[in-house]
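Peer 1:
Residue numbers (our numbering): 46 to 431.
#1: According to DSSP, is residue 189 part of a helix, a strand, or is it coil?
#2: Along the beta strand (DSSP E) that carries residue 283, what are the first and last residues, could you check?
#3: Determine the direct distance from the alpha carbon of residue 384 to that of residue 292, and round the result to whole angstroms.
#4: Taking residue 442 and residue 152 to be in contact with their CB atoms under 8 Å, please state how far apart those CB atoms are, rounded to whole angstroms.
#5: Once you ignore the five residues that flank residue 138 on each side, which residues in its own chain have a CB closer than 8 Å to its CB?
#6: Across the stretch 144-163 and the stretch 211-228, are there enough close Cβ pairs to call them in contact, namely three or more that are closer than 8 Å?
#7: In whole angstroms, what separates the C-alpha of residue 193 from that of residue 415?
#8: Considering Cα atoms alone, identify which of 318, 267 and 374 is closest to residue 187.
#9: Give the secondary structure of residue 318 by DSSP, where H, G and I count as helix, E and B as strand, and everything else as coil.
#10: Where does the unbroken alpha helix (DSSP H) through residue 169 begin, and where does it stop?
#11: So, with DSSP's three-state summary, where would you put residue 383?
#12: Mapping the DSSP letters down to three states, classify residue 248 as helix, strand or coil.
#13: Can you give me the start and stop residues for the beta strand (DSSP E) that residue 346 sits inside?
#14: Are the beta-carbon atoms belonging to residue 232 and residue 203 less than 9 Å from one another?
#15: What is the C-beta distance between residue 212 and residue 244, in whole angstroms, given that I count them as a contact (C-beta under 8 Å)?
#16: The alpha helix (DSSP H) spanning residue 182 covers which residue range?
#17: Please list the terminal residues of the continuous alpha helix (DSSP H) segment that includes residue 152.
#18: What are the partner residues of residue 264, as DSSP defines its beta bridges?
#19: Do you know whose CA, among 313, 174, 141 and 195, lies nearest residue 287's CA?
#20: Taking the alpha-carbon positions, what's the residue 219 to residue 179 distance?
#21: List in chain order: all unbroken alpha helix (DSSP H) runs of 4+ residues lying wholly within the stretch 203-247.
#22: Determine the burial state of residue 387: buried for a count of at least 16 other Cβ atoms within 10 Å of its Cβ, exposed for fewer.
#23: Looking at residue 248 and the ligand ADP, is the gap between the Cβ and the nearest heavy atom below 8 Å?
#24: What's the call for residue 379, buried or exposed, on a 16-neighbour Cβ count within 10 Å?
#25: Give the DSSP-derived three-state secondary structure of residue 258 in the structure shown.
#26: Secondary structure at residue 112, three-state DSSP: helix, strand or coil?
#27: Round the Cβ separation of residue 260 and residue 350 to the nearest angstrom and send it over; I've been treating them as touching at under 8 Å.
#28: Just to confirm before moving on: does the CB-CB distance between residue 174 and residue 205 stay below 9 Å?
#29: Mind checking which residues open and close the alpha helix (DSSP H) that includes residue 137?
#30: On the DSSP bridge list, what partners appear for residue 145?
#31: Which residues bound the alpha helix (DSSP H) around residue 307?
#32: Alpha carbon to alpha carbon, how far is residue 135 from residue 422? Give it in angstroms, no decimals.
#33: Enumerate in chain order the residues of its own chain whose CB-to-CB distance from residue 110 is below 6 Å, with the five nearest sequence positions on each side excluded.
#34: By Cβ distance below 7 Å, which residues in the same chain neighbour residue 58 in space, the five residues on each side in sequence not counted?
#35: Shortest alpha-carbon distance to residue 142 belongs to which of 254, 201, 371 and 276?
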């Protein structure tokens, strides 16, 4: 009897196995479908909002997954405080090759005695192929008579051997080129600016002020000198056209598009740029063409140069150099950013200017060789009307 009962029980269990197996398969299929559906919804939402999935408006389930598998951001006060959070993982110091071309003789001519008697160092960030731009500056506002002002051009490397040979000849003639160890492209402007900071800290650290300026700018040097001499006691500051509370652009068609992975906040910290506002146009009484998210000219007090350089090396790379250096890095160091309306930093048609209006400005953007000469002559006109 006992053996018969055992065999019957085993047969019943074997009959139940297919049912349990099919139930398990159905559960697995449902689970896989759920995971695929969640992944599809997340991917679609991420594309729509242009955010990483960890930044989406999520359901509680996804939030629990995030807390479990995604490392939470560090608390405020650490090296990645809330004001400076980005999602870029590449550190500037990992991309930047320190040093410059071995040209110490010319460097000492550009900045004698490490800048001991230099009130204003003007470093023009120029592209390797911009031979005409540099020549226009040398023949106009770069040609000055003040012994406490010095100027040089900073550029990187070109992959064109012919261009490199012309640059060698140019530097042999003028001795005013500073060559950094980076490929000179638009996307490397941040590395270019870091190179500017490094060179100044090493070769011209005793200069009182540093002007960063692009090679398509016109600078009213006498006006700028008056400006810096009136601020010899000001420290830890950056002067320029101030942009405060500007949003990061998420439009993929924009030249200044930034993804949420590159920068994870809605707005940038205050930085110096090339944009103009309506009140500025009204103040000068001239029509301008704004150049958004470009910092073609800004002025730094010497006491922030080394700090900006060292801090930048340890921060995540960000391609918009003006936002990065004068915004993110300066914010972390508590460097003051001061708006100065005389830094127009936008294009102005020369016919909209005259001697009096030009004499009130420090910088104008987006000028060619002929326009540089035209404004230079206009600036040096004698007029009693002002």
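Note that the Cβ used here is the ideal one computed from N, Cα and C, for glycine as well.
Note that the structure is a prediction, hence the values are computed from the model and not measured.
Peer 2: Concretely, from the data shown:
#1: When secondary structure is reduced to three states using DSSP, residue 189 falls in the coil class, being assigned neither helix nor strand.
#2: 282-288 is the span of the beta strand (DSSP E), which, as asked, contains residue 283.
#3: Computed Cα separation, rounded: 18 Å.
#4: Shown here, the chain extends from 46 to 431; a query on residue 442 therefore has no answer.
#5: The residues are 358 and 359.
#6: Flag = yes, the stretch 144-163 and the stretch 211-228 touch.
#7: Spanning the two alpha carbons is a distance of roughly 28 Å.
#8: It is 267 whose Cα lies nearest to the Cα of residue 187.
#9: Residue 318 sits in a strand when the DSSP states are folded into three classes.
#10: Premise fails: residue 169 lies in the beta strand (DSSP E), 165-170, not in any alpha helix (DSSP H).
#11: The DSSP-derived three-state label of residue 383 is strand.
#12: In the three-state reduction of the DSSP assignment, residue 248 falls in the helix class, which pools H, G and I.
#13: The continuous beta strand (DSSP E) containing residue 346 extends over residues 342-346.
#14: No, the pair does not count as a contact, with Cβ atoms beyond the cut-off.
#15: Beta-carbon to beta-carbon, residue 212 and residue 244 are separated by about 17 Å, too far to satisfy the 8 Å threshold.
#16: DSSP places residue 182 in the uninterrupted alpha helix (DSSP H) bounded by 176-183.
#17: Residues 149-155.
#18: Paired residues: 408.
#19: Nearest of 313, 174, 141 and 195 to residue 287, Cα basis: 313.
#20: For residue 219 and residue 179, the distance between alpha carbons rounds to 11 Å.
#21: Here the runs fully enclosed are 206-219.
#22: The residue in question, residue 387, is buried, as its Cβ has 16 or more Cβ neighbours within 10 Å.
#23: Of the ligands one can find in the structure shown there are none, so the ligand ADP has no counterpart to examine.
#24: When all chains shown are included, residue 379 counts as exposed.
#25: Under the three-state reduction of DSSP, residue 258 is assigned to strand.
#26: Note that residue 112 scores a pLDDT of 37, beneath 50, so its modelled location is shaky and nothing firm can be said.
#27: About 21 Å; that fails the 8 Å criterion.
#28: With respect to residue 205, residue 174 sits close: the two C-beta atoms are nearer than 9 Å.
#29: Residue 137 -> alpha helix (DSSP H) spans 137-140.
#30: In the DSSP assignment, residue 145 is bridged to 225.
#31: Premise fails: residue 307 is in no alpha helix (DSSP H) and is neither H nor E.
#32: About 47 Å.
#33: The predicted model places residue 110 with a pLDDT of 44, which falls under 50 and marks its position as unreliable; any figure quoted below should be read in that light. For residue 110, where only same-chain residues beyond five positions count, there are no Cβ hits under 6 Å.
#34: Model confidence at residue 58 stands at a pLDDT of 46, short of 50, so the residue's coordinates are unreliable and nothing is read from them.
#35: Nearest option by C-alpha distance: 201.
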